[in-house]
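Only one structure is covered here, and it is reproduced in the block below.
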Ligand code: SOE
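Numbering (this note's numbering), first residue to last: 40 to 416.
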C-alpha cells in the first residue's frame, strides 16, 4: 500500500524548484511505498510564493514557516531558504515531530549545526541534507568502484568547483540569490556554497579529512547591500585553494572560486589509486573516465564509460541504455533514497550528523585561510 507523504516547503527560489521537481516526479519512477504530496509552501513574499505554489501545484500557502510547522497535515519540512535560517526552522520542525530536510550546507558553521543534529536525534525524526551530487549515477558508480577496492590504495583526491558570476563589483550582497555574498546570511562564501559539495563527495568517496591548509581571498572588498542599499564590507571568501590530508593517508587538493571567467559550474573530481584512477566532470555528468592499470600492454589507457545501462546506479528506473539524464535527476534520486530509508528503516545519507562533518571541514578551511596555519579537524 502506497502511503502519502505531505511535504511542507519553506522557500520558493532555485532550490525550492529543484526539490519540488524531485518530490513530484519520484513516485513515477521509483516504487518506494511513498507518494509525496506538495501540500503547502511557506514564505514571506506573498506574490512570489503564490506564483511558485501555482507553478508547482502546491495545495496551499502559509505566510510564516511557523504556521507550516504547526499544521497537523504536514509530515516533512523541506528547508530551501538562506543558510542563516536553517537552524531555527529545522530545530522547530524537529521539536514538532516533523521529518526535516535542509538544503546544503547544514548550517553556517558547525557550532550552529550541532544543536540541529541534537534536535533531530532527540526527536528521533528522519533527517537529511541535500548534497545532491552524490546521487549522480556516474558519481555513485565511482563510489561503488572505490569501495570495492578497484583502485587499491588511494594516493590523491582532487576536486574543483569554479564559477564566474560575482566578478562584477555591481553584484550586490544580500537579496534573492545574492544572499550567498552576504556573510551574515551565508556564513562563508565559496567554501560553504561550492567547496561544501566537493568536501561532502570527497569524504563519502575517500573517508574523513584530518587537517587542511587553505589560502582564501576576498577580491572585492565592498559591495552594496540589496536590502539597505548601502555599501558594506564583504565578509565572504571569493576563492579558496585547499590542501588536505585524509585519514587514509592520501592527499587532497580542492579549489573553488566565483572568479574563474568562463566557468559557470565547473565541478570536477579525480581520484588516483595504486591500481587505477577515476574522474568525473559535471559538464559531462553521465560519463566516468577510468584508467585500469591491470589492462595489459598496448590496450592500456583511459576508458570512457557512458553510465546509462540498466545495471548502472539508478539508471534502471529511467529510459533505455544510451539515453542520458541530467542535473535534476540527482535530486530525484536523493528523494528516492530518503523514501527508501523510511521504508527500510535504514536512513539515507547524508544525515544532519554526517553533514556536520562537512561543516567542520569548512570551518577549518576558513580558519586556516585567516591564520595561514594547518588546522586539524
Ligand atoms: C551557487 O551558484 C550554486 O547554485 C550553489 O548554491 C549550488 O549548491 C551548486 O550546486 C550550484 O551553484
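All C-beta atoms, glycine included, are put in the ideal place defined by N, C-alpha and C.
Item	Value
Status (buried if at least 16 other CB within 10 Å, exposed otherwise) for residue 137	buried
Contained alpha helix (DSSP H) runs [length at least 4] in the region 159 to 203, N- to C-terminal order	176 to 186
Boundaries (first-last residue) of the alpha helix (DSSP H) holding residue 395	391 to 410
Euclidean distance between Cα positions of residue 15 and residue 283	Because the chain in this structure spans residues 40 to 416, residue 15 falls outside the shown range and cannot be described.
The region 199 to 213 / the region 126 to 133 touching (three or more Cβ pairs under 8 Å)	no
Environment of residue 243 [buried if 16+ CB atoms lie within 10 Å]	buried
Limits of the beta strand (DSSP E) - the one that residue 383 falls within	Note, residue 383: premise wrong, no beta strand (DSSP E); alpha helix (DSSP H) at 366 to 383.
Backbone secondary structure at residue 28 - three-state DSSP	No answer is possible for residue 28: it lies beyond the span of the chain, which begins at 40 and ends at 416.
Neighbour-count burial assignment, residue 240, 16 or more Cβ in a 10 Å radius	buried
Identity of the residue in 392, 309, 153 and 189 nearest residue 334 by Cα	189
Segment limits, alpha helix (DSSP H) that includes residue 107	104 to 109
DSSP-derived helix/strand/coil call for residue 292	strand
Assigned secondary structure, residue 249 (DSSP; H/G/I helix, E/B strand, else coil)	strand
Rounded separation between residue 169 and residue 142 - CA only	5 Å
Euclidean distance between Cα positions of residue 151 and residue 390	16 Å
Alpha carbon of residue 360 to alpha carbon of residue 349, nearest angstrom	7 Å
Bridge-paired residues (DSSP) for residue 341	330
Residue 137 - containing alpha helix (DSSP H), residue span	Run containing residue 137: none; DSSP gives neither H nor E here.
Cβ separation of residue 356 and residue 68, assumed to be a contact under 8 Å, to the nearest whole Å	5 Å
Whole-Å CB distance - residue 225 paired with residue 275, under 8 Å assumed	6 Å
Residue 309 (DSSP reduced to helix, strand or coil)	strand
Beta-carbon gap between residue 154 and residue 380 smaller than 8 Å	no
From 281, 182, 294 and 113, residue whose alpha carbon lies closest to that of residue 411	281
Residue nearest to residue 421 in terms of C-alpha spacing, selected from 107, 178, 337 and 383	Since the first and last residues shown for the chain are 40 and 416, residue 421 lies out of range.
Integer-rounded CB distance, given that residue 101 should sit under 8 Å from residue 79	6 Å
Alpha-carbon to alpha-carbon, residue 320 and residue 180	13 Å
Check: residue 232 C-beta below 7 Å from any heavy atom of the ligand SOE	yes
N-terminal and C-terminal residue of the beta strand (DSSP E) that residue 285 is part of	278 to 285
Residue 111 CB to nearest heavy atom of the ligand MN below 7 Å	With respect to the ligand MN, the structure shown offers nothing to examine, as its ligands consist of the ligand SOE.
Residue range of the unbroken alpha helix (DSSP H) whose run includes residue 319	Per DSSP, residue 319 belongs to no alpha helix (DSSP H); it is in the beta strand (DSSP E), 315 to 320.
Residue 156 - DSSP class collapsed to helix/strand/coil	helix
Per DSSP, the bridge partner or partners of residue 42	73
Counterpart residues of residue 128 in DSSP-defined beta bridges	Answer is none; residue 128 lacks a bridge partner.
Alpha carbon of residue 146 to alpha carbon of residue 414, nearest angstrom	20 Å
Candidates 77, 121, 98 and 99, of which the one nearest residue 213 by Cα	121
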